[in-house]
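Chemist: Quick one: the structure is below, questions incoming.
In full-length UniProt numbering, the protein residues as written are 1 to 351.
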């Protein structure tokens with residue numbers, strides 16, 4: 001069996017491709033290499049191009065007729081970039097997704113697993129989110145709770161794409177499972193792939209940068225309504241995310257049956273991936289120090305404009321539907337991230 005993976009030369013997609021290969025499923029990678037790395041495609045069936053290129057998608061299915069499902073990871077994901085260039089984000093994340101879905105339908109591929117974000121939820125009072133949580137990104141108004149709302153074009157582009165895919169599923173029989181998660185970190189444990197960017201913007205990336213340069217890491221905001229006053233994020237190892245994609249494809253026909261009785265809900269399912277309690281910035285610092293030693297320097301500072309308290313995912317449905325829960329710890333993710341940072345430097349020197 002083969003699985004088509006869009007964005008398969010990116011951080012998530014390349015890790016997903018390796019996870020499928022380890023399960024005996026052949027990944028077929030489609031990536032434009034705008035942000036993906038060509039070395040992540042080595043040893044895989046690879047097509048370079050845009051997911052909106054219908055002729056290319058038709059050729060992929062003609063040459064790989066045993067593709068059983070599509071895993072759609074291709075997207076732009078940097079929130080600040082989405083604020084400065086929203087048109088590009090809507091064009092890539094929304095319009096191209098619709099075009100790709102049409103290409104799948106034309107080639108009689110009715111199984112899609114969509115890489116999405118749990119950032120579209122409005123967190124509850126305890127900062128948790130479930131599949132039933134209100135979608136904050138659907139509410140464009142400004143409220144007194146707006147500091148909790150992920151109001152940015154990246155998140156909205158994902159939410160809009162999901163709305164459109166749900167409508168396509170209801171009308172045309174396309175079956176979709178959307179996997180929503182928050183903060184992937186770590187790297188392929190075998191160091192085949194990892195973050196493409198040498199300067200990641202998430203907290204762990206900033207910690208590694210501070211550690212390597214000897215500059216104190218700044219905890220911005222220490223009076224948030226969390227268990228220790230620092231912001232909370234739901235960091236999850238990228239290999240655990242990849243495992244969930246593999247399991248979703250393996251169980252696809254059980255999650256979204258091909259034959260649905262009249263009056264049944266749309267063949268569209270949402271499953272959240274997360275840790276169940278999240279990690280505060282101070283807890284991440286403690287975990288980082290446990291790996292690198294007490295010499296890691298930290299200083300506290302006020303919250304910056306635009307900072308948010310964060311949220312974490314309740315993964316109960318993932319356990320029920322996929323029998324999935326994270327296996328790697330935050331410490332594992334930190335070690336793998338540090339190993340990948342060193343490995344990436346060697347790759348860049350060779351290149």
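Note that beta-carbon positions come from the ideal geometry of N, C-alpha and C, so glycine has one too.
Predicted model, so just to flag it, every value in this text is computed and none were measured.
1) How would you label residue 42, buried or exposed, when you count the other beta carbons within 10 angstroms and need 16 or more for buried?
2) Is residue 94 helix, strand or coil by DSSP?
3) Check whether the stretch 330–344 touches the stretch 227–242, taking contact to mean three or more Cβ pairs, one atom from each stretch, closer than 8 Å.
4) Can you check which of these residues, 260, 194, 173, 85, is closest to residue 345 by C-alpha distance?
5) Restricting to Cα atoms, I'd like to know which of 220, 64, 248, 156 is closest to residue 122.
6) Hey, could you find the ends of the alpha helix (DSSP H) residue 82 is sitting in?
7) Would you kindly work out how many angstroms separate the C-alpha atoms of residue 351 and residue 37, rounded to a whole number?
8) State the beta-bridge partners of residue 112 as determined by DSSP.
9) Which same chain residues, not among the five before or five after residue 247, have their C-beta less than 7 Å away from its C-beta?
10) If I follow the unbroken alpha helix (DSSP H) through residue 253, where does it start and stop?
11) Give me, in chain order, the residues of the same chain whose beta-carbon lies closer than 6 Å to that of residue 107; leave out the 5 immediate sequence neighbours on both sides.
12) Quickly, what does DSSP pair residue 272 with across the bridge? List them, please.
13) Out of curiosity, what's the CA-to-CA distance linking residue 257 and residue 16?
14) Is there contact here, the stretch 111–126 with the stretch 154–172, by at least three beta-carbon pairs under 8 Å?
15) Indicate the three-state DSSP secondary structure (helix, strand or coil) for residue 54 in the structure shown.
16) Could you tell me the distance, in whole angstroms, from the CA atom of residue 186 to the CA atom of residue 255?
17) By the 10 Å Cβ neighbour count, where 16 or more other Cβ atoms means buried, how is residue 143 classified, buried or exposed?
18) Go ahead and label residue 158 buried or exposed: buried means 16 or more other beta carbons lie within 10 angstroms of its beta carbon, across all protein chains shown.
19) Of all the options 223, 176, 307, 313, which has the alpha carbon lying nearest to the alpha carbon of residue 132?
20) What ranges does the beta strand (DSSP E) occupy inside the stretch 182–218, keeping only unbroken runs of at least 3 residues that lie completely in it?
21) If contacts are defined as beta-carbon pairs under 8 Å, then residue 100 and residue 52 qualify, I think. What distance do you get, rounded to the angstrom?
22) For residue 163, does the three-state DSSP call read helix, strand or coil?
23) Are the CB atoms of residue 1 and residue 74 nearer to each other than 7 Å?
24) Below 8 Å, can you find three or more Cβ-Cβ pairs linking the stretch 215–224 to the stretch 301–311?
25) Along the chain, where does the alpha helix (DSSP H) containing residue 283 start, and where does it finish?
26) Going by DSSP in three states, residue 142 sits in which element: helix, strand or coil?
27) I'd like the span of the beta strand (DSSP E) that includes residue 26, first residue to last.
28) Does the Cβ of residue 305 have 16 or more other Cβ atoms within 10 Å, making it buried, or fewer, making it exposed?
Modeler: Well, looking at it:
1) The residue is exposed, with fewer than 16 neighbouring Cβ atoms inside 10 Å.
2) In the displayed model, residue 94 falls within a helix according to three-state DSSP.
3) Yes, the stretch 330–344 is in contact with the stretch 227–242.
4) Among 260, 194, 173, 85, the Cα nearest to that of residue 345 is on 194.
5) Residue 156 is the option with its Cα nearest to residue 122.
6) Unbroken alpha helix (DSSP H) run through residue 82: 79–84.
7) For residue 351, the pLDDT reaches just 49, beneath the cut-off of 50, and the residue's location in the model is therefore unreliable, although a value from the coordinates is still provided. When rounded, the distance between both Cα atoms is 12 Å.
8) Residue 112 has 70, 176 as its beta-bridge partners, per DSSP.
9) Annotation for residue 247: 322, 324 place their beta carbon closer than 7 Å to its own, counting only its chain and skipping 5 residues before and after.
10) Where residue 253 is concerned, the enclosing alpha helix (DSSP H) stretches over 252–255.
11) If the five residues before and after residue 107 are omitted, its C-beta is found closer than 6 Å to the C-beta atoms of 61, all from its own chain and listed in chain order.
12) Residue 272 pairs with 180.
13) Distance from the CA of residue 257 to the CA of residue 16, rounded to the nearest whole angstrom, comes to 23 Å.
14) Output reads yes: the stretch 154–172 touches the stretch 111–126.
15) Assignment of residue 54 by DSSP, reduced to helix, strand and coil, places it in the helix class.
16) Their backbone Cα atoms lie some 28 Å apart in a straight line.
17) No answer about residue 143 holds up, because its pLDDT of 36 lies below 50 and its placement is not dependable.
18) Looking at its Cβ environment, which holds 16 or more other Cβ atoms inside 10 Å, residue 158 is buried.
19) Residue 313 is the option with its Cα nearest to residue 132.
20) As far as the stretch 182–218 is concerned, its whole beta strand (DSSP E) runs of at least 3 residues are 183–185.
21) For residue 100 against residue 52, the beta-carbon gap comes to about 7 Å, under 8 Å, which counts as contact.
22) Helix at residue 163.
23) Not closer than 7 Å, so no.
24) Because the criterion of three Cβ pairs below 8 Å is met, the stretch 215–224 and the stretch 301–311 touch.
25) Segment 281–292, the alpha helix (DSSP H) holding residue 283.
26) Residue placement at residue 142 is poorly supported in this model, since its pLDDT is 38, which falls under 50; the coordinates still yield a value, given next. The three-state secondary structure of residue 142, taken from DSSP, is coil.
27) That run of the beta strand (DSSP E) goes 26–31.
28) Residue 305 should be labelled exposed.
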